[in-house]
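Enquirer: Its first residue numbered 0, the sequence shown is counted upward by one per residue in numbering that gives the first Met the number 0.
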Amino acid sequence: MMFLLLVILSYFHHDAKATSSPVSLRSSRTETTDPVLDESPLVAQQFSKDPYQGFDKRAFVKSGKFKLIDVQISKNNDVVMGNFCEFEFDQRDVDPSMAPRYSDYYGESINCQEHAVAFPLHEVAQECRKFDKVNTGTIYNTNPSAFILHQPKSGSTLLSNMLTVARPDTFVVSEPAALRDILKCENCDRELQIQALEDTMYFLGRSHIPLRDMYIKISSQYTIGLSLIRETFPETKWIYLTRSPEIVLQKLMNSKNDRRICGGKRFKPTKAMKRYLSFVGKNAKSLIVDEKGCAADLGTTMSIVKKELRQKNPRGKIVDYNELLDLASIKKLFSFLQVSSSDWKKIEEQRRKTANTGKGNQWRAESSMYITFQVSSAISEFGLNV
């Protein structure tokens, strides 16, 4: 009975807290703050006291004490909010194989979990830009040196880990949640998207540490936003990591979570997928199994990449997974990305570790993978081997 009461009270506390949570855009206020905790001691025990209650948290954002963790676009696609909290993001003394993603840095922060605050993104970005102009030497800004896009299971985390240790003044922001709503939105006003992307990159590149390079690794499902990235940063280089389509698709099918994500797109295809399906003479009704849905997803993203490579001054290239397993090929790739004076000893150490488990284990070469008939058929049907 006591447990049931705790659950009910916790539910109402979370509901009351929604206006300051990174998942809510309902408040029309320009600032959201933490509500007073429910007087019930059972609920109060579940949440820490905000050490900054009553402080000017917008000032904390301007000073760099609070950093951006997420960006959300309203359901009407007309309001962009940024979510900020306090956490440390210094990769210089961290083994990236132990913390391969941006979320690994703020995921353990109690302040981020319970006391994040939201502000209109562009409004607070403009205030911060003014702050930076009069506080040179304490706040540094770094523009993205390159964007890393990729198919699933294609070695992108391995590459980002190697880039992280290449130089002490190089940072890699791996799969930031702040890009999710911006890149996936297909109905947003383009100018609003461009401004949101510019502001997000500004915050991700804002640091108390002077940096030479900053690389942004994009989650594979947001390759759909490549044209927006190119339009916003036309001179910035980018790469797209690929792997044998049979291996990629089979790995997706072997993972319950990955299969659910990509397979689910056959029930709610994006506009980009519908265009791709129309181009290959199919429609969503033909995606009768997960293998076909995921194959169509792979085909959609590859068609987006190839379209951008056909543009004038594309600044990008496709990189095969096997190029990450050969040191000579890695050096060529780093040359393309303009990574100089690299620490090859540290790079080689990362190359020999499992990249994305967060445990830093020794990497073991994969044995040959059994490819099911359903996977082979889907690959053939969508011509992904071509």
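Quick reminder that beta carbons are idealized off the backbone N, C-alpha and C, glycines included. All values reported here derive from a predicted model rather than from experimental measurement.
Tell me whether Tyr221 is buried or exposed, calling it buried when 16 or more other Cβ atoms sit within 10 Å of its Cβ.
Expert: So Tyr221 counts as buried.
Enquirer: So, at 7 Å on beta carbons, what are the nonlocal neighbours of Glu307 in its own chain, with the 5 sequence-adjacent residues on each side left out?
Expert: If we look at Glu307 and ignore the five residues flanking it on each side, its Cβ neighbours are Leu225, Ser226, Arg229, Pro313, Gly315.
Enquirer: Hey, quick one: how far does the alpha helix (DSSP H) through Met301 stretch, first residue to last?
Expert: That run of the alpha helix (DSSP H) goes 289–308.
Enquirer: Along the alpha helix (DSSP H) that carries Val374, what are the first and last residues, could you check?
Expert: Taken as a continuous stretch (DSSP letters only), the alpha helix (DSSP H) holding Val374 covers 372–380.
Enquirer: Which word fits Glu197, buried or exposed, when buried means at least 16 other C-beta atoms lie within 10 angstroms of its C-beta?
Expert: Answer is exposed; the Cβ neighbour count stays below 16.
Enquirer: Give the single residue among Leu286, Lys345, Phe146 whose Cα lies nearest to the Cα of Gly263.
Expert: Taking only the C-alpha atoms, the option nearest Gly263 is Leu286.
Enquirer: What does the Cβ neighbour count give for Tyr369, buried or exposed, with the cut at 16 atoms within 10 Å?
Expert: Under this definition Tyr369 is an exposed residue.
Enquirer: Relative to the C-alpha of Pro244, which residue among Ala377, Leu67, Gly63 is closest?
Expert: The residue with the shortest Cα to Cα distance from Pro244 is Ala377.
Enquirer: Rounded to a whole number of angstroms, what is the C-alpha to C-alpha distance between Tyr388 and Gln337?
Expert: Nothing about residue 388 can be read from this structure; the chain reaches only from 0 to 385.
Enquirer: For the alpha helix (DSSP H) containing Phe59, list its first residue and its last residue.
Expert: Residues 56–62.
Enquirer: Using only the alpha-carbon positions, how far apart do Leu297 and Phe232 sit?
Expert: Answer to the nearest angstrom: the Cα atoms are 24 Å apart.
Enquirer: DSSP three-state label for Arg211, please.
Expert: Coil, per DSSP.
Enquirer: Excluding the 5 residues preceding and the 5 following Ser219 in the sequence, name in chain order all residues of the same chain whose CB lies nearer than 7 Å to its CB.
Expert: His149, Gln150, Pro151, listed in sequence order.
Enquirer: So, is Val70 buried or exposed, given that buried needs 16 or more other C-beta atoms within 10 angstroms?
Expert: Val70 comes out buried.
Enquirer: Using the Cα positions of Ile346 and Leu158, report the straight-line distance between them to the nearest angstrom.
Expert: Spanning the two alpha carbons is a distance of roughly 9 Å.
Enquirer: Can you tell me which residues form a DSSP beta bridge with Lys129?
Expert: Lys129 is not bridged to any residue.
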